[in-house]
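Engineer: To convert, count from 1 in the sequence shown and add 106; that's the working numbering.
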Amino acid sequence: FFVPLAVWLLTPGQRPVTLGRIFFTYLIPLVPLVAFYDGIASCLRSYTPTDFREIIDGLGETNYKWTIGEQPSERLPIPVTYLVGLPKD
Numbered sequence: 107f108f109v110p111l112a113v114w115l116l117t118p119g120q121r122p123v124t125l126g127r128i129f130f131t132y133l134i135p136l137v138p139l140v141a142f143y144d145g146i147a148s149c150l151r152s153y154t155p156t157d158f159r160e161i162i163d164g165l166g167e168t169n170y171k172w173t174i175g176e177q178p179s180e181r182l183p184i185p186v187t188y189l190v191g192l193p194k195d
């Protein structure tokens with residue numbers, strides 16, 4: 107939810123400063139809206155541990171040891187989901 111604010115604050119520091127960048131960031135705020143939509147869509151597309159398990163089960167036998175879990179985040183109210191695959195010895 108802070109992405110549009112970040113876009114508004116950081117745009118003046120991006121080089122080269124163009125009329126189009128200023129126009130579509132401040133006058134018609136398409137750039138902040140697209141960045142906001144992209145962030146929301148990415149969150150909705152994220153996988154759950156169950157999704158990861160289904161993906162791994164669909165692979166069949168592999169030469170990897172898979173670890174799936176969720177790690178509490180220090181800064182966010184939601185956990186970070188992870189999938190790690192290490193080659194078997």
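Glycine included, C-beta positions come from ideal geometry on N, C-alpha and C.
Here the structure is a predicted model, which is why all the values come from computation and not from measurement.
(1) Out of curiosity, what's the CA-to-CA distance linking PHE108 and TYR132?
(2) From the DSSP output, in three-state form, read off TYR132 for me.
(3) Please return the same chain residues whose Cβ sits closer than 7 Å to the Cβ of VAL113, not counting the five positions on each side in sequence.
(4) At which residues does the beta strand (DSSP E) containing VAL190 begin and terminate?
Structural biologist: Reading off the structure:
(1) When the Cα atoms are used, PHE108 and TYR132 turn out to be separated by approximately 16 Å.
(2) Helix.
(3) THR131, VAL137, PRO138, ALA141, listed in sequence order.
(4) Residue range 186 to 193 is occupied by the beta strand (DSSP E) that includes VAL190.
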